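Residue numbers (numbering that gives the first Met the number 0): 0 to 163.
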Amino acid sequence: MTLYSHFDMESRGKDDRASLERERDAWFAILESYRLRFRLERERIRVACKRAEQSVWVNLANQAWCISQEALPVDVIKILCSYQAEIRQRRLEDLQQDRDRRDTARPTNGPNVRSPSADMRWRRRASRGTGIPEESVPVESSSGLKRTSLGPYGVNDRAPKPPF
């Protein structure tokens, strides 16, 4: 009888170990699916923000092109340039706030600190195709956008050329 009870305890131990291994494997599979879902969601948000930034820059570049093609008085061009600079600044701030809000809604792997080279890449990407010098593009920081000084004529800080 003692032999039988010893055999019964051994089989129970093996069953418990197998059950624990199955639970552990299932837990790791669920964890990996959550990780994959998180990565996909983060990539989707990044692509949506990038698309929104590009849309802003394309729209503003189109507006600048239309302004330059029309024969308008210098005062009107100054007003339009300053208006466009304000719109650009406001849209960039809105995009940055939206991105920050989405980033804080989900856990991150570490602090949201960007290197200086990442800031330069962001400036280059933001000013591409707009005719805006990179120095005039605001730099991202962990506290939001750092404002740059805009001259009286907008981002380029140069008086527009007369249309004639």
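Glycine included, C-beta positions come from ideal geometry on N, C-alpha and C.
Just so we're clear, the structure is a prediction, and the values are computed from it rather than from any experiment.
Let me check understanding here. Comparing Cα to Cα, which of the options lies closest to residue i?
{"i": "Leu59", "options": "Ser32, Ala47, Gln83", "result": "Gln83"}
{"i": "Ala63", "options": "Val46, Arg87, Glu40", "result": "Arg87"}
{"i": "Leu94", "options": "Val46, Glu69, Phe37", "result": "Val46"}
Give the C-beta separation of residue i and residue j to the nearest angstrom, bearing in mind that I take them to be a contact with Cβ-Cβ under 8 Å.
{"i": "Ile66", "j": "Ile78", "result": "At roughly 10 Å, the Cβ-Cβ gap does not stay under 8 Å, so Ile66 and Ile78 are not in contact."}
{"i": "Arg89", "j": "Cys48", "result": "Between Cys48 and Arg89 the Cβ distance is about 16 Å, and since that is not below 8 Å, they are no contact."}
{"i": "Ile44", "j": "Arg101", "result": "5 Å"}
Using 8 Å as the Cβ pair cut-off and three pairs as the minimum, do the stretch 42 to 61 and the stretch 10 to 29 touch? no
Write down every uninterrupted run of the alpha helix (DSSP H) in the stretch 40 to 108 whose length is 4 residues or greater and which is fully enclosed by it, in chain order. 73 to 104
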